[in-house]
Structure formats: C-alpha cells, structure tokens
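Asker: In the order they appear, the protein sequences are chains F and X.
Taking the numbering used here, the leading residue of the first sequence gets 16, the next gets one more, and so forth.
Taking the numbering used here, the leading residue of the second sequence gets 16, the next gets one more, and so forth.
From the three backbone atoms N, C-alpha and C, an ideal C-beta is built for every residue, glycine too.
Computed from a predicted structure; not experimentally measured.
Protein chains: 2
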Amino acid sequence: MHPLWVSLALLAPWAQAQPVDTLWTARYVVTMDSQRRLIEQGAIAVKDGAIVAAGPATELRGRYTPKQRLDRPDAILIPGLINAHTHAAMSLLRGVADDLALQEWLEKFIFPAEARNLNAEFVRWGTRLAALEMMLGGVTTFADMYYFEDAVAEETKAAGMRGVLGQTVIQFPVADHKTPESALAATERFMARFANDPLIVPAVAPHAVYTNSDATLRKARQLANRFKMPLLIHLSETRRENDDLKAKRGMTPTHLLDLLGVLEGRTLGAHGVWLDDADIAILKQRGTGLAHCPSSNMKLASGAAPLAKILGAGIAMGLGTDGPAGSNNDFNLFEEMDLAAKLQKVTRNDPRALPAEEALAMATIHGARALGLENRIGSLEAGKRADIAAVSLRGAHAAPLFNVYSQLVYALKASDVTDVMVEGRLIVRSGASLALDAAAIQRKAAEYGNTVRNSLR
Amino acid sequence: MHPLWVSLALLAPWAQAQPVDTLWTARYVVTMDSQRRLIEQGAIAVKDGAIVAAGPATELRGRYTPKQRLDRPDAILIPGLINAHTHAAMSLLRGVADDLALQEWLEKFIFPAEARNLNAEFVRWGTRLAALEMMLGGVTTFADMYYFEDAVAEETKAAGMRGVLGQTVIQFPVADHKTPESALAATERFMARFANDPLIVPAVAPHAVYTNSDATLRKARQLANRFKMPLLIHLSETRRENDDLKAKRGMTPTHLLDLLGVLEGRTLGAHGVWLDDADIAILKQRGTGLAHCPSSNMKLASGAAPLAKILGAGIAMGLGTDGPAGSNNDFNLFEEMDLAAKLQKVTRNDPRALPAEEALAMATIHGARALGLENRIGSLEAGKRADIAAVSLRGAHAAPLFNVYSQLVYALKASDVTDVMVEGRLIVRSGASLALDAAAIQRKAAEYGNTVRNSLR
Numbered sequence: 016m017h018p019l020w021v022s023l024a025l026l027a028p029w030a031q032a033q034p035v036d037t038l039w040t041a042r043y044v045v046t047m048d049s050q051r052r053l054i055e056q057g058a059i060a061v062k063d064g065a066i067v068a069a070g071p072a073t074e075l076r077g078r079y080t081p082k083q084r085l086d087r088p089d090a091i092l093i094p095g096l097i098n099a100h101t102h103a104a105m106s107l108l109r110g111v112a113d114d115l116a117l118q119e120w121l122e123k124f125i126f127p128a129e130a131r132n133l134n135a136e137f138v139r140w141g142t143r144l145a146a147l148e149m150m151l152g153g154v155t156t157f158a159d160m161y162y163f164e165d166a167v168a169e170e171t172k173a174a175g176m177r178g179v180l181g182q183t184v185i186q187f188p189v190a191d192h193k194t195p196e197s198a199l200a201a202t203e204r205f206m207a208r209f210a211n212d213p214l215i216v217p218a219v220a221p222h223a224v225y226t227n228s229d230a231t232l233r234k235a236r237q238l239a240n241r242f243k244m245p246l247l248i249h250l251s252e253t254r255r256e257n258d259d260l261k262a263k264r265g266m267t268p269t270h271l272l273d274l275l276g277v278l279e280g281r282t283l284g285a286h287g288v289w290l291d292d293a294d295i296a297i298l299k300q301r302g303t304g305l306a307h308c309p310s311s312n313m314k315l316a317s318g319a320a321p322l323a324k325i326l327g328a329g330i331a332m333g334l335g336t337d338g339p340a341g342s343n344n345d346f347n348l349f350e351e352m353d354l355a356a357k358l359q360k361v362t363r364n365d366p367r368a369l370p371a372e373e374a375l376a377m378a379t380i381h382g383a384r385a386l387g388l389e390n391r392i393g394s395l396e397a398g399k400r401a402d403i404a405a406v407s408l409r410g411a412h413a414a415p416l417f418n419v420y421s422q423l424v425y426a427l428k429a430s431d432v433t434d435v436m437v438e439g440r441l442i443v444r445s446g447a448s449l450a451l452d453a454a455a456i457q458r459k460a461a462e463y464g465n466t467v468r469n470s471l472r
Numbered sequence: 016m017h018p019l020w021v022s023l024a025l026l027a028p029w030a031q032a033q034p035v036d037t038l039w040t041a042r043y044v045v046t047m048d049s050q051r052r053l054i055e056q057g058a059i060a061v062k063d064g065a066i067v068a069a070g071p072a073t074e075l076r077g078r079y080t081p082k083q084r085l086d087r088p089d090a091i092l093i094p095g096l097i098n099a100h101t102h103a104a105m106s107l108l109r110g111v112a113d114d115l116a117l118q119e120w121l122e123k124f125i126f127p128a129e130a131r132n133l134n135a136e137f138v139r140w141g142t143r144l145a146a147l148e149m150m151l152g153g154v155t156t157f158a159d160m161y162y163f164e165d166a167v168a169e170e171t172k173a174a175g176m177r178g179v180l181g182q183t184v185i186q187f188p189v190a191d192h193k194t195p196e197s198a199l200a201a202t203e204r205f206m207a208r209f210a211n212d213p214l215i216v217p218a219v220a221p222h223a224v225y226t227n228s229d230a231t232l233r234k235a236r237q238l239a240n241r242f243k244m245p246l247l248i249h250l251s252e253t254r255r256e257n258d259d260l261k262a263k264r265g266m267t268p269t270h271l272l273d274l275l276g277v278l279e280g281r282t283l284g285a286h287g288v289w290l291d292d293a294d295i296a297i298l299k300q301r302g303t304g305l306a307h308c309p310s311s312n313m314k315l316a317s318g319a320a321p322l323a324k325i326l327g328a329g330i331a332m333g334l335g336t337d338g339p340a341g342s343n344n345d346f347n348l349f350e351e352m353d354l355a356a357k358l359q360k361v362t363r364n365d366p367r368a369l370p371a372e373e374a375l376a377m378a379t380i381h382g383a384r385a386l387g388l389e390n391r392i393g394s395l396e397a398g399k400r401a402d403i404a405a406v407s408l409r410g411a412h413a414a415p416l417f418n419v420y421s422q423l424v425y426a427l428k429a430s431d432v433t434d435v436m437v438e439g440r441l442i443v444r445s446g447a448s449l450a451l452d453a454a455a456i457q458r459k460a461a462e463y464g465n466t467v468r469n470s471l472r
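1. Can you tell me whether DSSP reads Lys193 of chain F as helix, strand or coil?
2. What residues from chain F crowd round Pro370 of chain X, counting only those whose CB sits closer than 7 Å?
3. From the beta carbon of Pro321 of chain X, is the nearest beta carbon of chain B less than 9 Å away?
4. Identify the contact partners of Val111 of chain X in chain F, using a Cβ-Cβ distance below 7 Å as the criterion.
5. Please list the terminal residues of the continuous alpha helix (DSSP H) segment that includes Phe242 of chain X.
6. Work out the CA separation of Leu358 of chain X and Arg51 of chain X for me, nearest whole Å.
7. Can you list, in chain order, the residues of its chain with a C-beta nearer than 8 Å to that of Asp292 of chain X? Leave out the 5 residues immediately preceding and following it.
8. Closest Cβ-Cβ distance between Met244 of chain F and chain X: below 9 Å?
9. Which of the residues in the segment 216 to 249 of chain F, read from start to end, lie with their CB under 9 Å from any CB of chain X?
10. Exposed or buried, Gly329 of chain F, counting other C-beta atoms within 10 Å across all chains shown (16 or more means buried)?
11. Please identify, using Cβ separations under 8 Å, the residues of the segment 297 to 316 of chain X that lie next to chain F, in order along the chain.
12. Considering only DSSP beta bridges, list what Gln50 of chain F is partnered with.
13. For chain X, find out if any of its Cβ atoms is closer than 9 Å to the Cβ of Val138 of chain F; answer yes or no.
14. Report back the beta-carbon spacing between Phe163 of chain X and Asn98 of chain X to the nearest angstrom; my notes put them in contact at under 8 Å.
15. Leaving out five residues on either side along the sequence, give the residues of the same chain with a beta carbon under 8 Å from the beta carbon of Ala453 of chain X.
16. Rank F:Met150, F:His307, F:Val437, F:Val111 by C-alpha distance to the C-alpha of Ala460 of chain F and give the top, closest one.
17. Just to confirm the assignment: which complete alpha helix (DSSP H) runs, minimum length 4, are found wholly within the segment 259 to 283 of chain F?
18. To which residues of the same chain is Val35 of chain F closer than 8 Å at the C-beta, ignoring the five residues directly before and after it?
19. With distances taken Cα to Cα, identify the nearest neighbour of Ala239 of chain F among F:Ala262, F:Arg204, F:Ala173, F:Leu250.
20. Taking the alpha carbon of Ser394 of chain X as the reference point, which residue from X:Val44, X:Asp48, X:Ala41, X:Gln33 has its own alpha carbon closest?
21. To the nearest angstrom, how far is it from the Cα of Thr362 of chain F to the Cα of Ala316 of chain X?
22. Identify, in the order they occur along the chain, each residue of the same chain with its Cβ nearer than 8 Å to the Cβ of Ala378 of chain F, setting aside the five sequence neighbours on each side.
23. Could you confirm whether any beta carbon from chain F is found closer than 9 Å to the beta carbon of Asp294 of chain X?
24. Measure from the C-beta of Asp259 of chain F to each C-beta in chain X and report whether the shortest distance is under 9 Å.
25. Determine contact between the segment 87 to 96 of chain X and the segment 395 to 410 of chain X, defined as no fewer than three beta-carbon pairs at a distance below 8 Å.
26. If I measure Cβ to Cβ from Lys299 of chain F and keep anything under 6 Å in the same chain, skipping five residues before and after, which residues do I get?
27. For the alpha helix (DSSP H) that Met149 of chain F lies in, which residues bound it at each end?
28. With distances taken from CA atoms, which of X:Pro415, X:Ala385, X:Leu388, X:Tyr425 is nearest Ala374 of chain X?
29. In three-state DSSP terms, what is Asn312 of chain F?
30. Could you spell out where the beta strand (DSSP E) holding Pro217 of chain X opens and where it closes?
31. Would Leu416 of chain F and His381 of chain F qualify as a contact pair, given that the criterion is a beta-carbon distance under 9 Å?
32. Using the C-alpha atoms, what's the distance from Pro71 of chain X back to Arg84 of chain X?
33. Please confirm if the segment 129 to 142 of chain F is in contact with the segment 187 to 196 of chain F, defined as three or more CB-CB distances below 8 Å between the two stretches.
34. Nearest by alpha-carbon distance to Leu369 of chain F: which of X:Ala368, X:Asp114, X:Asn312 is it?
35. Arg444 of chain F lies in the beta strand (DSSP E); which residues open and close that run?
36. Under DSSP, the beta strand (DSSP E) around Ser106 of chain X begins and ends at which residues?
This is the structure we're talking about:
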C-alpha cells in the first residue's frame, strides 16, 4: 500500500476500515514483544483467533471496524500468562499435606491419596477446577505432567484454554498404566489424536531420570520426535536427585539426558534448581527450555535456581506453579512472578536481581520460548494467537501507578484479572468463567475432598 | 450459675437468652486462643465492642439474642490481622522505585519524593489509601512509623481501624520537625491527646540507632514510659547497620539499646534480620517484641531473620508489610504469612520450618503480644475486643479444604476477605469499606501519583 494511502486511512473516518472480530482498548497494552513496547491508551485488534495489530487506541479505532468492542479504560492488557509446569488435576489434593518432610509427605499422603483415588473422572474434575482457577487468574496456557492426559486434554479444550499436556511415563505401576511400555503406547495414540489441535500440544512426560530406565527415556524422546512434539521432564529439582545420580553413575541428570540423546528435540525441564555450569552449557547448546517454580522450591526447601546464570546464558526459562498438593497450594502466576523476583534478590543479596519486567517476561514470552510456542503466544503483536488478559487497576492496592511492570509483578493480584481471551475467544468476562460451571465444580471439589480425606483414614 | 440451669438454658428455647449486638456464624471459627480452638460451624457473640463468647453455633444461637446476625456459612472467621510494622502513608509512593540498590533507591527517589511532597495532607490521603487496602484485606490493627502522626491517628479513627501509631523522631530535619527535640515535644502532645482512645495507641518512634543520638534515644524511652506507651524502632534490619555499629562502637544495635536503657519498657523492634544469640537473649529478658517483614527483607535483599531462634526463645514476633515504596508494594498480610513460611523453609532447608498455624499466629496473637495488646486483640475469645475478619471459601483456589490453617496461609488471599469488624463495629461488608469513599481515595491517589512523578523530573 502506498504510504500516502496509509496516512489517509488513519486520518479520514470515511476511509474504508478493515473488519475485525474484536477491538480491545485499555489504559495500557504491555506487549512483551522484541522491543518491549508499552502502549499507553493502547488497543489490540483480533481476527480469526489471531492478533491483527497492537498499537495506540486512537490509531486502531480508525483502522478497524470490530464486531465486538472490549473497552477497559482502567485496565492493563497483558499476554495471557503461561504456567510452564504444573500437575493440574492435583487441585483436588490442594493442601492435603503441608509442612512435612519430603518422604513423609510422599509416603503418608500423596502416594496413598493417588493410589486410592486416581481415575479418569478424578483427573477430569481436577483439571476443571485447575482450569477455572488458572483462567480467573489470567493464565491462558499451561504445561501439565500427569496421568490420564486424554481427559486433561478434553477438559482443557472444553474450558477454552491452551495446554502443552504431557502424559506421564514412569517405571513403576501407576493409576493409568502398569508399565512404561503401556504408557508410551497410549502417548502415541494421544499424540496422533491431538496432533493438529489448535489448543492442545500433546507431549510425553517421562517423570524424571531417577524414575525411568535409560531405555524408556530414549523411547520417549523418539516418540516425541516422531510427532515433533515436546518432551517434559523434572530436572535437578532437589539436591538429592543430583547427589544420588552422581554417586551411582558419576554424572548430573542433565549430563545423563544428553548422553542418552534425550535433549535432541524440544524439551522442557522443570525446576533446574541444582543445575551446574556444565549443565547450563549443555542446555543452552541443545535449546532446552526450563520452568522455574519458586513457590514449590521454597515450600519444599528445594533451593533457589541459578536464574542469573540460566537467563544470562539465553536459555528460555518460564515460570510454573508446580502442583497444589504440597509443592504449592494454588495456580497463581502473579504470586510466582512476585516470588521469583524476591527469591533471587534475597538469595543473591542484590535488590537489583530479576527486575519486575524480567519476571513478567518469564511468565509470558520466555515461557512461550521454553515450550517452543514463541511464534504463537507469549506477546501481544500482529501474527500471534490472541491470548490476552485484562488486569484491573481499580483495587486500592493498584494506586497510584508509577511503573506498569512493577505494579503487575509486585502489587497486582490474580484477583485483579477481569477478562481473558484465548485463541480470540473470550473465556473469562468480568471475573467469571464463560465455559465452566463454577458452582458445580466447587460442589464436586468438596465431594472429592471428603472422599480423599476418608481414604487416608 | 448452677450447672443444671446452664444446661436448661442451652436446651430450652423459652429460657431467657442474653441480648448481644452481633452474632456471627461461619463454617469455621479459628480462635488462635491458648488452646488453639478451631470450631467447625462456629459462632461469635459480640456486645459493646467486645467478644462475649466464641463457640459452636448451635450453642450460641440458643444462648444469645442478637440485634444483628452475620451468617457466613462459606467463610472462616479469624482474628483481625495485625500489621506489626508499616509506613502507611507511603502508599502514595507505591512502586515509585523498585529493583534498585539501596543507596540509589533512597537518594534518587525516596528522600527527594518525601522532601518535595510530604505534608500533613499527603499523610492524610496516604493513610486513607493504606487503611482502605488494609481493611479490605482483613487487617484490623497496624503499627505505623511515620511523620505527621496526628493526621495518621485522625484518619485511622475515621476509617474505624485500630493503630499503634509512632511519631518519628530522627536526628536530621524532616518534613514535620526540624529537630528531634521538636519531634519529642510533639510526641508528648500526641500521647496526651490519644492516651485514652479506644482505637489509638500513641507511640514514639525513634527511627533507628544509626539515625538518633544516644540522648534522643533515652529521651524517647523516658517519654514512652511516662505515658506507659510503646517505643517503636527499626532494629538490625540490614547487615550494614550491624557492621557499622560494631566498627564504630564495638557492639550490636540491641546491645547499645540495652546499655542505654531503651529496652526497659514496651518496645517493638522492626525486622531483626541480623540479631545474634546474645541479642536474642537480651530481647527475651527485656520482653521486647519484634516485627518480621519477609517481603521487605527479600525485596531489599536484607536477609532472612532467624525465626527459629527468636520464636524458640518465646519472643513475641508479629508480621509486618513494611512500607510500600520499594520495601514492598502493598499491605497484604496474607502474602506476608505465605512468604514468612516459605522463606524459612528454603533458607533453613527444612519444609517443616514455620508451619502454617505458626505463620497465622504471627499475624494475629504473636503480633498482639509484640505490641503489648494481647489482652485486647489477637484471638477470638471472650473478653477480647471484637476485631474479626471473615474469609470466604467460595474461590476456585479455596477448594477442596483439608486443613484450615494451611488454606488460610497458602491458598486464601486478601481478596477473599468479605467482612471486617473492629471494636464490634463492621467496617467492611461484602468486600466494601463502609466508612471510606473508595472512589474519592482512588482519584486522589492518582493525582498524588502525578504530583510525585513530576516532582522527581
């Protein structure tokens, strides 16, 4: 188009405007694009599930004719938040056992609770509860590692959310599969089923190096690569995980995965608390993504991940809540951003460590890169899928406003999210889920709570 | 009364019931009394500003005839939270300067912002904004250290909140007083004015040992003791504060205060990050209270206070938010409880450190003890003033419920608070302040935000 014509189109209301589905306007649009554009009195035009433009509201109002207008003059629009590591269905075990030593927590509570209660229906309701909480808090995408992942995928789609959903593969018998071979075969069917889904990225999730044989880890990688899908794995979460492997085989988990070829293909490692410099060099070379889980790492006393080194190396590290049954108690990315920044500051003895803007980057564009979805989500710019959250500035804790990033990370809360869009479709409006029946989910969660409690007696 | 008569009164609806002002009922009443009674289907009867009884709802319904009933079947009633250390009026500087080194933060932002903007009117609006945010988040009492403390007291009363309000005394000229003598004289008038107030405890707040002469510290203590009021002071917040005093005078701040006789009388020390074993022994002996501020200590990289030793010694340590202009960005006691527990776990490498119930104790009864108000507030039991908060269990993040303490500390949020009572008077109902004009405060906060921003250009 001729430059003159563009100018005319901007200036002249009688010039032909382009039809779009939705035009958002807001006090601020935080793009998290490569220039980190922060647009005051900004707007976003959405068509066919994608962002057509993000720019000044005055400009976009002239350029587009929307079917639907969403004017949020007291809100900030941010890229939908990305929960890069969780176990969604464990929502039904929220707080079942806190403040315990790891072995007691696992052996007296988590393993028995799962052994006695876990089935596809449990996972279905647990995913609904988690999806409800996540969307109300501005999360649009989550990376899951659990059992019965077909049920997780169905419920994620029904909720209107985006998921990178990893079917667990583990060496011992679990609720959905008695052998890793059975789990791998099911994962193959799962991948075939959701291979072309607009919302679901099916993945394979070998639990960790210490719970899988080398052969299983290799097969998981091969399966993922056959479908060009990601592999999700817990990686150097605890000191013990590292120490045990060093004692047995004289190497770190990252070193072992690399030797086995498991990092050759899209991989997301969760936690990475105990990565050393050699591990970081390997992960950088292989393009492996990571998920930082500050709540979980603090609550389980796992430690503080070396974020300066990891992010400094250019490794994509997102933020995750981990599961809510001991590691955490909620799916709140606002709290993870706040904690990520504060944990780095106190452990590195430097108040400048992980500034607010970088914490927000971890919850958005870095998370997208870690999951291999940076061409689709993680920022608000033309060409990306329309995953957007509106965060209200009306709270008493939201005034005054000096710095938008600082406000988002240190002052605003998940409860300030008012509207959420995924793939161009509004899934939360005025703080309520449009697709999910919140009252029914609450009732069912209470029922499951009683069942689980009785099962542990 | 004869036991038989008590039984009859409970059983017989025609027996004469005692008139009270308010009867609360709720799914749980968390008393935080000496037996830590947790009452399912509980109730609280309130008369003339005091709690008459806390017990099972079935029992209290028969025993009392209330003028007002507050039935909250989906909520937990907790003692109103106590913010044991803050600078309320700094709300208007919320997030003015984050992620900076301490000197840059103070010299480029806080000192100039205060020098150019601070006056009684600023403090008045700042206190209103802080009071609004605190009450909406379940805080009923706060301990303040700032300037123009008369204005803070007037606004605290107008908001219906309880405050232990410390007029700052400092060696250099500040907005309200050019000399410590002037500040001490004003504090004397302030103490006389509010000596018998039901809501306000006037206090003297010498800023710290490194910003006051020995003589000023002694005079502050004498003044406090003359009125039987507390002395509030920053104590061993940073390593540098300790190192500097050791280099200059060969002793810790606590040791110096003790030598000067400053700890002989009700004292609250804020932070206490760098207390050593000898300091802890002194504070225990003197009955000094402390305020732990985990958000601030993490964000400013001050360190992690030795809670195991402090609480283990039986010292009363409450929880504080500190000010929201860099140290923190909000007045959220739910986040401080969560952070206090998680910071202890990760720094002590023990997931059992500071369990949820103890974190809640710090925000309630321990805070009350630290402020010398344990006979009036901090627990829900007969004889205490009626400072009560209702926390809703309706959120998606609030289900299911396995452990009430765990849910309160790790899952529930300030935004779940629905109703708040202070001194028997409801100040928040259905999430809205009854005394404060939230919209007017928001507008004024935005105006002050612009003024402060322009003043820093």
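Answerer: According to the structure shown:
1. coil
2. Those within 7 Å of Pro370 of chain X in chain F are Asp114.
3. The structure shown contains no chain B; its protein chains are F and X.
4. Phe417
5. Run containing Phe242 of chain X: 229 to 242, per the alpha helix (DSSP H) assignment.
6. 24 Å
7. Lys324
8. no
9. none
10. exposed
11. Ser310, Asn312, Met313, Lys314, Leu315, Ala316
12. The partner list for Gln50 of chain F (beta bridge, DSSP) is empty, contrary to what the question assumes.
13. no
14. Phe163 of chain X to Asn98 of chain X, Cβ: 19 Å. No contact.
15. Leu147, Ala447
16. Answer by Cα proximity: F:Val111.
17. 268 to 274
18. Ala60, Val61, Lys62, Val67, Tyr79, Thr80, Pro81, Lys82
19. Nearest to Ala239 of chain F by C-alpha distance, out of F:Ala262, F:Arg204, F:Ala173, F:Leu250, is F:Arg204.
20. X:Asp48
21. 7 Å
22. If we look at Ala378 of chain F and ignore the five residues flanking it on each side, its Cβ neighbours are Leu96, Ile97, Gly333, Leu334, Leu348, Glu351, Met352.
23. For Asp294 of chain X, the answer is no, since every Cβ of chain F falls outside 9 Å of its Cβ.
24. No, its Cβ sits nowhere closer than 9 Å to a Cβ of chain X.
25. A contact exists between the segment 87 to 96 of chain X and the segment 395 to 410 of chain X.
26. Ala328, Ile330
27. 135 to 151
28. For the options X:Pro415, X:Ala385, X:Leu388, X:Tyr425, the alpha carbon positioned closest to that of Ala374 of chain X is the one of X:Tyr425.
29. helix
30. 215 to 221
31. no
32. 15 Å
33. yes
34. X:Asp114
35. 440 to 444
36. From DSSP, Ser106 of chain X is part of no beta strand (DSSP E); its letter is neither H nor E.
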